[in-house]
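Colleague:
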Amino acid sequence: MPTGPGLDRPVLSPRSRPGGLWARASGGSALWWRSDWGLVVAALGLSLVGALLVYSATRHQSGTAYLVRHLFNTAVGVVLAAAVTRTGYQWLRAAAPWLYLVSVAGLVLVLTPVGSTVNGSHSWILLPGGFSVQPSEFAKAALCLGMAIILGERIDREGRPDGRDLLVAVVVAAVPIGLVLVQPDLGSALVLGALAFGVIAVAGTPKRWLAAAVALVAAAVVVALTTPVLSDYQRDRLTAFANPQADPQGIGYQTRQVRIAIGSGGWQGQGLFEGRQTQGGFIPYQQTDFVFSVAGEELGFLGAAGLLLLLGFVVLRAVLVAARAQDAFGRLLASGVAVWFLFQVFENVGMNLGVTPVTGLPLPFLSYGGSSMFACWLAIGLINNAHLAARRR
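For what it's worth, the numbering used here labels the leading residue of the sequence shown as 4, then goes sequentially.
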């Protein structure tokens with residue numbers, strides 16, 4: 004038997020080396036080292052700042068209850084993002100149609116007696132233990148996957164989708180948009196519409212088709228505003244946007260208090276937990292729709308602008324992943340997430356500043372809400388998955 008330094012020691016195969024089981028279970032340490040940590044840290048920073056803002060808006064009425072739930076939602080969201088990151092890229096492509104169908108089934112289910120109405124919208128499924136699910140939030144991630152797989156397959160084969168592919172893509176987008184409008188949830192429907200339009204545009208669609216898509220979206224908004232599709236509660240929100248005095252004790256009061264809070268923040272703010280409007284409880288649902296007003300009042304213009312820059316960084320990272328993607332699926336997937344976040348931030352901040360109607364959209368990562376937080380972190384996982392796929396090639 005040969006002898007020599009080390010030759011009398013048992014040889015360990017890669018499968019039997021210490022830590023090999025963990026490496027296989029976690030996907031290998033290289034998977035996590037190659038991840039887009041700038042994106043992850045930015046999203047985590049936003050979520051943690053959001054926890055402080057939510058706590059500031061609710062601590063006098065509810066103590067630490069909302070803070071604990073927000074942190075719990077963040078932790079679950081990070082786990083979901085890690086699971087999506089760990090998922091194989093090809094498996095994600097194969098599962099995209101099924102995930103889309105599951106999301107549509109959720110939107111149908113919420114319209115049955117299983118669903119519940121909150122603030123005039125039949126958009127929720129109540130679960131035991133005080134938990135609830137809003138399927139329209141998950142539909143945003145599912146639509147990103149559905150649009151990317153439909154248009155991406157044709158682009159990878161022939162370089163440009165034809166009319167049939169675009170028609171299928173429009174139908175795929177129209178189904179969840181229509182179901183969300185029936186709830187009715189105009190804000191989420193607008194996000195889904197913007198997302199679909201962005202993906203179709205990035206896919207290389209001719210301008211005449213894009214113009215037709217804009218006309219369809221405009222027609223849908225007109226129908227929503229001129230027919231009983233919207234609830235009285237949501238119609239009051241739109242009326243108050245045009246004339247805050249039309250509902251001085253309801254939405255008009257709320258939007259007026261939000262503007263007072265943001266305007267009183269000045270450059271540096273009144274200090275965390277020191278805002279007069281926020282601590283006085285003058286703004287209903289401030290921890291959800293109007294969490295940006297907490298930042299504006301207590302952190303001031305500089306703090307609120309810093310949050311917008313961080314949100315912009317997340318959108319920029321998604322755009323860069325789309326630009327570097329090696330296939331159409333990854334490019335369209337990341338583009339859809341970028342448009343989703345960009346439009347939702349614009350709409351939420353706009354309604355806080357009084358430049359867009361109040362549609363009940365949360366601010367990504369910052370607003371309180373489990374479904375919104377989970378969906379946003381799922382999107383982070385999707386972007387990171389596309390990022391890793393590009394780096395492996």
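Heads up, the beta-carbon is just placed ideally off N, CA and C, and yes, glycines get one too.
Less than 8 Å between the CB atoms is what I'm expecting for residue 56 and residue 297, so what's the real figure, rounded?
Modeller: 4 Å
Colleague: Three-state secondary structure (DSSP) at residue 35?
Modeller: helix
Colleague: Just to confirm my understanding: we take residue 58, look at its own chain, exclude 5 residues before and 5 after, and list those with CB closer than 6 Å. What are they?
Modeller: Cβ neighbours of residue 58 within its own chain (closer than 6 Å, five residues either side excluded): 70.
Colleague: Can you tell me which of the three DSSP states residue 270 falls into?
Modeller: coil
Colleague: Smallest Cα separation from residue 308: which of 98, 160, 276, 268?
Modeller: Cα-wise, what sits closest to residue 308 is 268.
Colleague: Could you pull out every unbroken beta strand (DSSP E) segment of at least 3 residues lying fully inside the stretch 121-190, listed in chain order?
Modeller: Qualifying beta strand (DSSP E) stretches, in chain order: 124-129.
Colleague: Using the Cα positions of residue 219 and residue 150, report the straight-line distance between them to the nearest angstrom.
Modeller: Near 18 Å, if we compare the C-alpha coordinates of residue 150 and residue 219.
Colleague: Look up residue 25 in the DSSP assignment and say whether it is helix, strand or coil.
Modeller: With a pLDDT of 36 at residue 25, under the threshold of 50, the predicted position of this residue should be treated as unreliable, though the coordinate-derived value follows. If DSSP states are grouped into helix, strand and coil, residue 25 belongs with the helices.
Colleague: Going by C-alpha distance, which of 183, 169, 257, 134 is nearest residue 3?
Modeller: Absent from the structure is residue 3, since the part of the chain shown begins at 4 and ends at 396.
Colleague: My output table needs one value for residue 118: the three-state DSSP class, helix, strand or coil.
Modeller: strand
Colleague: Helix, strand or coil for residue 372? Go by DSSP, reduced to three states.
Modeller: coil
Colleague: According to DSSP, is residue 295 part of a helix, a strand, or is it coil?
Modeller: helix
Colleague: Give a yes or no on contact between the stretch 60-78 and the stretch 387-394, applying the rule of three or more CB pairs nearer than 8 Å.
Modeller: no
Colleague: Which residue's Cα is closest to the Cα of residue 106: 145, 185, 47?
Modeller: Comparing alpha carbon positions, the residue from 145, 185, 47 closest to residue 106 is 145.
Colleague: Please report how far the alpha carbon of residue 125 lies from the alpha carbon of residue 42, in whole angstroms.
Modeller: 34 Å
Colleague: How many angstroms separate the CA atom of residue 127 from the CA atom of residue 187?
Modeller: 11 Å
Colleague: Write down the C-beta distance between residue 184 and residue 192 rounded to the nearest angstrom, noting that I regard them as a contact closer than 8 Å.
Modeller: 5 Å
Colleague: What would DSSP say about residue 285, mapped onto helix, strand or coil?
Modeller: coil
Colleague: Please list, in chain order, all residues of the same chain as residue 27 whose beta carbon is under 6 Å from its beta carbon, the five residues on each side excluded.
Modeller: Here the model assigns residue 27 a pLDDT of 38, short of 50, so the residue's position is not dependable and the matter cannot be decided.
Colleague: Exposed or buried, what is residue 1 when buried is set at 16 or more other beta-carbons lying within 10 Å of its beta-carbon?
Modeller: The structure shown does not extend to residue 1, since the chain is modelled only from 4 through 396, so no value can be given for it.
Colleague: Please report how far the alpha carbon of residue 325 lies from the alpha carbon of residue 305, in whole angstroms.
Modeller: 30 Å
Colleague: Considering only C-alpha positions, which residue in the set 381, 313, 358 is nearest to residue 51?
Modeller: 313
Colleague: Pick out whichever of 357, 206, 210, 189 has its Cα sitting closest to the Cα of residue 225.
Modeller: 189
Colleague: Rounded to a whole number of angstroms, what is the C-alpha to C-alpha distance between residue 118 and residue 395?
Modeller: 43 Å
Colleague: My assumption, with CB atoms under 8 Å, is that residue 366 sits in contact with residue 295. Please give the rounded CB distance.
Modeller: That pair is a contact at about 6 Å.
Colleague: From this set, 341, 332, 330, 63, which residue's C-alpha is nearest residue 317's C-alpha?
Modeller: 341
Colleague: Among 207, 287, 104, whose alpha-carbon lies nearest the alpha-carbon of residue 139?
Modeller: 104
Colleague: I'd like to know whether the C-beta atoms of residue 87 and residue 182 end up nearer to each other than 8 Å.
Modeller: no
Colleague: Can you tell me whether DSSP reads residue 280 as helix, strand or coil?
Modeller: Note: residue 280 maps to helix in three-state DSSP.
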